[in-house]
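In what follows, a single structure is set out as structure tokens and then discussed.
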Amino acid sequence: MSISEKEIHEKNDKISALEKKLEIINSFAPHFWKTGFGHYFENDARSVRKKHNEASVRRVLRAMEAGFIHFNLKFENGDLEVQEGDWHLNHHKIWNGKNWEKNWKLTIMKNKNGVRFKVQGDNINHSNGKCMRSEKNIKSDQNGNVELRRSGDLYVRWNITVQN
213 MSISEKEIHE KNDKISALEK KLEIINSFAP HFWKTGFGHY FENDARSVRK KHNEASVRRV
273 LRAMEAGFIH FNLKFENGDL EVQEGDWHLN HHKIWNGKNW EKNWKLTIMK NKNGVRFKVQ
333 GDNINHSNGK CMRSEKNIKS DQNGNVELRR SGDLYVRWNI TVQN
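This is the structure:
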């Protein structure tokens, strides 16, 4: 039984893709979840884990390009917009139309098109790291947007699953 050149090429491409994923994982070990990889549901106090900044979001966007699908990001009051290759992430607050309250809004795009993903959004207390309010299975719209009602002056943690 002989293997065709095409089959060999396909297997080599798969191996190469897996090696890239392993390289990315190894570069963030041992604090895998602190850097935004995987989902995170534990104590998220400021003393345990800092908010994600532009550099950490860039790493997450590179991992999305490599095929990873599970991430967690933690943000404070400030807005953050990051472009990495074909990927774009925007996190900011928007007015929700009620009593001048603001909502958290997350947008993920690839090649200027909305990415389909679902999230669990958690409002996190700064001091004790406990989840004060949570919404599960929020699905992005066709433009790659999700919103979460903001509860006071808290962090937001997004547990993201990118969908194919």
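Going by the numbering used here, the sequence shown opens with residue 213, and the numbers climb by one from there. Where is the CB? At the ideal position from N, CA and C, for every residue including glycine.
- For the pair His303 and Gly326, the Cα-to-Cα distance works out to about 14 Å.
- Boundaries for Arg274: no beta strand (DSSP E) harbours it, while the alpha helix (DSSP H) harbouring it runs Glu266 to Ala278, taken from the DSSP string.
- For Ser346, the uninterrupted beta strand (DSSP E) segment begins and ends at Cys343 to Lys351.
- Residue environment: Val260 is assigned as exposed (fewer than 16 neighbouring CB atoms within 10 Å of its CB, all protein chains considered).
- Around the beta carbon of Lys314, a 10 Å sphere encloses fewer than 16 other beta carbons of the protein chains shown; the residue is thus reported as exposed.
- Excluding its 5 nearest sequence neighbours in each direction, Lys348 has C-beta neighbours in its own chain below 7 Å: Gln332, listed in chain order.
- The C-beta distance from Phe249 to Phe280 rounds to 7 Å, short enough to fall under 8 Å.
- Non-local beta-carbon contacts of Lys305 in its own chain, meaning distances under 8 Å to residues more than five positions away in sequence, involve Asn289, Asp291, Lys314, Asn315, Trp316, Lys317 and Arg362 in chain order.
- Under the three-state reduction of DSSP output, Ile215 falls in the coil class, being neither helix nor strand.
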